[in-house]
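Heads up, the sequence shown is in my numbering, so the first residue is 1 and it goes up one at a time.
Here a beta-carbon is modelled for each residue, glycine too, at the ideal position from N, C-alpha and C.
Predicted, not measured: the structure shown is a model, and the values here were computed from it.
A short write-up of the structure that comes next.
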Amino acid sequence: MNTPFAPNTLYYGDCLDVMAGFPDSYIDLICLDPPFNSNEKYNKVFKDSGLRIDPQIKAFDDVWLWDGASAERVARVKNAVANPASKVIAGFEGFIPRSKMLSYTSYMAERLFIMHRILKETGSIYLHCDPYASHYLKLVMDAIFGEKNFRNEIVWCYHAGGATKKHFPKKHDILLLYGKNANVSYHDAPRGIPYRDFYAYDQKGNIQIDKGYHPDGKMVPDWWEISAISSVASERLGYPTQKPLALYERIIKASSNSGDLVLEPFAGCGTTIEAAKKNRRDVIGIDILPFALRLINRYRLAPNGIDPLPIIGVPVDMDTARQLAKTVPFKFQDWAISLIDGLASNPQKVGDDGIDGFGMFLNTPDNMERKAIIVQVTGAAGSQKAKFDRLHANILNENAAMGILITLDAQNAQGNWKHTLDPIRMGETTYVPIQCFSVEEYYRNNEQWDRILTLPSLANPWTGKHMQQKILFEA
1 MNTPFAPNTL YYGDCLDVMA GFPDSYIDLI CLDPPFNSNE KYNKVFKDSG
51 LRIDPQIKAF DDVWLWDGAS AERVARVKNA VANPASKVIA GFEGFIPRSK
101 MLSYTSYMAE RLFIMHRILK ETGSIYLHCD PYASHYLKLV MDAIFGEKNF
151 RNEIVWCYHA GGATKKHFPK KHDILLLYGK NANVSYHDAP RGIPYRDFYA
201 YDQKGNIQID KGYHPDGKMV PDWWEISAIS SVASERLGYP TQKPLALYER
251 IIKASSNSGD LVLEPFAGCG TTIEAAKKNR RDVIGIDILP FALRLINRYR
301 LAPNGIDPLP IIGVPVDMDT ARQLAKTVPF KFQDWAISLI DGLASNPQKV
351 GDDGIDGFGM FLNTPDNMER KAIIVQVTGA AGSQKAKFDR LHANILNENA
401 AMGILITLDA QNAQGNWKHT LDPIRMGETT YVPIQCFSVE EYYRNNEQWD
451 RILTLPSLAN PWTGKHMQQK ILFEA
């Protein structure tokens, strides 16, 4: 993939493909917070939908299921003898064969190898993970970055709800810190810890510092007590894996300088992006979800008076939409679904029976118990009557309430397309059970999807709550 390299830019795509086009030894600091737990919140919304599509729903349980693609990736990493982690993955294959962890570590090994190449000689990398994966990932990073370049295992401690009678409550994450070499940029974190307990006083109450105590207080150790984001925090977007801004501001201040370039290969809701821009760093963010990149500009940067970052890889007009549909159909599919607030892509791309996405009514219709929406996308030119008929059949087969057909070109003949579905009634309003949405109409209507579709209130795909609330992903 020939991706243009540009600081202060967001990229839509897999970071493996995007970073492949980046120059060597150019990034000052890499902060990555990859998905390391199953996104159960995404799954819960659809479990009670009434849909009869178990394979698709199960795909939400964990992105890193062991499957054919995982086996191919493990073989690829083992054969990539230039990657120092190839032997580690080969060892894992003998120890944890055909497992989710093997799938996950091979996925990370490919990407960390590229990150090592693009990191400056004086650069640092922080990998955010959980205790389940940290020891596996440390072996991978030891191989790629060198055991001698390991700097810290930082323990982020937080207080949050939840208790158990089977083990100690799990209230920490792990951040693995490595340098490219011994000459990394590092600044001591502000000594903000209460110091009263560390000072010695004379009889007059004067502080005595002759025992080696720093007059400004105690150094920040490798365990950090930074509060998790509360339900009422002003920064809360409710993103399932959102981390506190203070955590990443500490990282950025400690391991970079003003004007340095910071990379977040898994941008998510943009915590690293906001922290970097607020502290006068240049930044690059990558995410495989186009919705996440729009969220960063709208809810992370704009409220701070920061100009939106250009997004590379996302269509900006019909010509670029056609190009994406032709060259990378699955990316076009995900992008087109993301244009409609409240819809989510099906992560199962092959063998999905034409079900490319999902949605859910917030409320139950008056005349039926069904609430689910299924989505079908096509980037092909011409009439899509056959796709319409397939969507009609899927709605019946899967016990859904509504279907949305997303096409590239406007379907002027759709008024003649017939279906046997009941209209959806909510109060005084009746909704058409199969609706068509085209990218052509989207651009014609100033990128306002609700000028094309007439839908009832939709539930947030991650939470089941109202999609239009300020908290986009509230738990």
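According to DSSP, is residue i part of a helix, a strand, or is it coil?
i	result
Ala372	strand
Asn8	coil
Glu40	Unreliable positioning characterises Glu40 in this predicted model, as indicated by a pLDDT of 47, which lies under 50. The coordinate reading is nonetheless provided below. It is helical.
Phe361	strand
Arg151	strand
Arg236	coil
Ser457	coil
Ser70	helix
Tyr158	coil
Val140	helix
Val88	helix
Thr320	helix
Ile337	helix
Ser230	coil
Phe60	The predicted position of Phe60 is uncertain, since its pLDDT is 39 and thus under 50; a value taken from the coordinates is nonetheless stated next. In this structure, Phe60 counts as coil in the three-state DSSP scheme.
Thr3	coil
Val328	coil
Ala378	Correcting the residue identity first, residue 378 is Thr in this sequence and not Ala. Correct three-state label for Thr378: strand.
Asp173	strand
Phe198	Legend: pLDDT at Phe198 = 45, less than 50; position of this residue unreliable, no value from coordinates given.
Met219	coil
Arg300	helix
Ala82	coil
Can you tell me where the alpha helix (DSSP H) with residue i in it begins and where it stops?
i	result
Met19	Cys15 to Met19
Val479	It is not possible to answer for residue 479, since the shown part of the chain is limited to 1 through 475.
Lys418	Neither: Lys418 is in no alpha helix (DSSP H) and is coded neither H nor E.
Glu225	From DSSP, Glu225 is part of no alpha helix (DSSP H) but of the beta strand (DSSP E) over Trp223 to Glu225.
Met402	Run containing Met402: none in the alpha helix (DSSP H); it sits in the beta strand (DSSP E), Met402 to Thr407.
Glu274	Thr271 to Lys278
Phe388	Lys385 to Asn397
Ser479	Here the chain covers residues 1 to 475 and nothing more, so residue 479 does not appear.
Glu477	Residue numbering for the chain in the displayed model covers 1 to 475; residue 477 lies beyond these limits and cannot be assessed.
Arg294	Pro290 to Leu295
Along the beta strand (DSSP E) that carries residue i, what are the first and last residues, could you check?
i	result
Gln435	Ile434 to Ser438
Asp28	Ile27 to Leu32
Leu263	Leu261 to Glu264
Thr164	Counting along the chain, Thr164 falls outside any beta strand (DSSP E), and DSSP gives it neither H nor E.
Tyr431	Thr429 to Tyr431
Considering only their Cβ atoms, is the gap separating residue j from residue i smaller than 9 Å?
i	j	result
Trp66	Leu16	no
Lys387	Thr364	no
Pro310	Leu324	no
Val18	Tyr11	yes
Asp307	Asp282	no
Pro7	Ile273	no
Ile477	Val262	As shown, the chain starts at 1 and ends at 475. That puts residue 477 outside it, with no answer to give.
Arg300	Ser338	no
Ile374	Leu391	yes
Leu453	Ile434	no
Gly351	Leu455	no
Phe92	Tyr136	yes
Ser233	Glu249	For the sequence presented, residue 233 should be read as Ala rather than Ser. No. Outside cutoff.
Nearest by alpha-carbon distance to residue i: which of the options is it?
i	options	result
Asp28	Leu339, Ser258, Met426 and Gly68	Ser258
Pro4	Ile30, Ile286 and Glu93	Ile286
Pro131	Trp156, Lys385 and Leu453	Trp156
Asn149	Lys120, Tyr158 and Ala182	Ala182
Pro84	Ala69, Tyr104, Met108 and Glu72	Met108
Leu176	Trp223, Gly146, Ser185 and His128	His128
Tyr158	Asp188, Trp223, Glu110 and Ala228	Ala228
Ser457	Asp142, Ile424 and Trp224	Ile424
Asn399	Lys371, Met426 and Ala380	Lys371
Ala71	Val81, Ala80, Ser86 and Pro97	Pro97
Pro329	Asp188, Val377 and Met360	Val377
Lys180	Ala143, His172 and Lys170	Ala143
Asp24	Val74, Arg151, Lys349 and Ile114	Ile114
Arg298	Gly313, Asp319, Leu237 and Asn279	Leu237
Per the DSSP calculation, residue i is bridged to which residue(s)?
i	result
Ile496	Any answer about residue 496 is impossible in this case: the structure gives the chain only from 1 up to 475.
His466	Ala459
Ile306	None; Ile306 has no bridge partner.
Ile312	Tyr11
Ala344	Phe358
Arg425	Thr430
Leu65	Answer is none; Leu65 lacks a bridge partner.
Val119	One point to set straight first is that residue 119 is Leu, not Val, in the sequence displayed. DSSP output for Leu119 lists Ile27 as bridge partner(s).
His135	DSSP, once it has assigned bridges, lists no residue as partnering His135.
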